[in-house]
Amino acid sequence: MEIIRLEDVTKIYGGRFEVKAVNCISLAVESGEFLCLAGPSGSGKTTLLSLIGGLSRPTSGRVFVAGEDITQLSAGKLADFRLYTTGFIFQELNLIPVLTIKENVEFGLLLQRVPAQERMKRVEAILSELELLEYSDRKPMEISGGQQQRAAVARAIVSKPALVLADEPTANLDYASTRNLVMLMKRLNLETGITFIFATHDEAVLQEASRVVFLRDGRIVEGRVYAGR
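Taken in order, the sequence shown gives residues 64 to 292; the numbers are from our numbering.
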């Protein structure tokens with residue numbers, strides 16, 4: 064079943080010189096894919112993720128997620144779409160430094176007005192799953208980089224979104240931490256059916272992809288399907 068469809072999507076950034084960060088891209092993504100967007104810096108990977116996630120609006124074209132044209136949504140409805148449908152993992156992580164790991168993971172559920180007992184149940188379950196429960200009362204700067212990455216994953220998936228978008232999620236990790244994080248997300252993908260889309264040039268992520276879409280200068284130049292993964 065198709066979860067994402069882009070139709071002739073273009074994103075132009077203005078200024079003294081116009082830049083087509085994404086140039087007339089059409090793309091369909093099936094539910095449950097573990098998809099990677101690959102390409103050199105400036106190829107349009109991050110911009111494409113932001114368009115799919117509703118963080119940015121296209122200059123032209125249409126973006127459908129779960130059957131809804133998100134390019135037509137008001138700002139309020141777009142915020143609701145991001146809150147209820149999509150989880151984000153950013154390269155900078157964006158964990159809130161004054162909150163504990165447990166509070167960071169819980170934050171989205173608070174915005175969704177999930178009852179307290181259900182929140183605690185979900186948060187403790189996901190922290191246990193990601194081997195973070197013993198660190199739940201620590202602040203982000205009191206745990207390792209790999210643990211912070213797992214906390215960001217926990218925050219992204221605790222609300223059980225249909226879609227997780229990850230922008231270079233392994234960029235600051237060593238090989239062992241990268242491998243552990245990738246296999247964790249792969250397992251979550253297989254067990255829960257969450258669709259993952261990565262912007263990455265990390266070979267450890269690319270090797271686990273069900274499909275890799277290569278970008279250059281804002282265009283799709285190649286796509287590879289890895290059967291059986």
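Using N, Cα and C, we set each Cβ at its ideal position, and we do this for glycine too.
query	result
On the three-state DSSP scale, how would you describe I133?	helix
At what residue ranges does the region 88 to 126 contain a whole run of the alpha helix (DSSP H), taking only runs of 4 or more?	108 to 115
Taking buried to mean at least 16 other C-beta atoms within 10 Å of its own C-beta, is K184 buried or exposed?	exposed
Give the range of the alpha helix (DSSP H) segment to which L172 is assigned.	I164 to L174
Where do the ends of the alpha helix (DSSP H) carrying E192 lie?	A179 to E192
Nearest by alpha-carbon distance to D237: which of I257, Q210 and F261 is it?	Q210
Since I believe H264 is in contact with A84 (beta carbons under 8 Å), could you give me their beta-carbon distance rounded to a whole number of angstroms?	The pair is not a contact, with the Cβ atoms about 17 Å apart (cut-off 8 Å).
Of all the options I66, I257, V126 and Q270, which has the alpha carbon lying nearest to the alpha carbon of T73?	V126
Thinking C-beta only, is F277 closer than 8 Å to F97?	no
Using only CA atoms, which one of G78, N243 and A229 lies nearest to T109?	A229
Once the 5 residues before and after L118 are set aside, which same chain residues still bring their CB inside 7 Å of it?	none
Bridge partners of G150, per DSSP?	V227
So, for F151: in the same chain, excluding its five sequence neighbours on each side, which residues have a beta-carbon less than 7 Å away from its beta-carbon?	G116, A219 and L228
Alpha helix (DSSP H) containing V268: first to last residue?	E266 to L269
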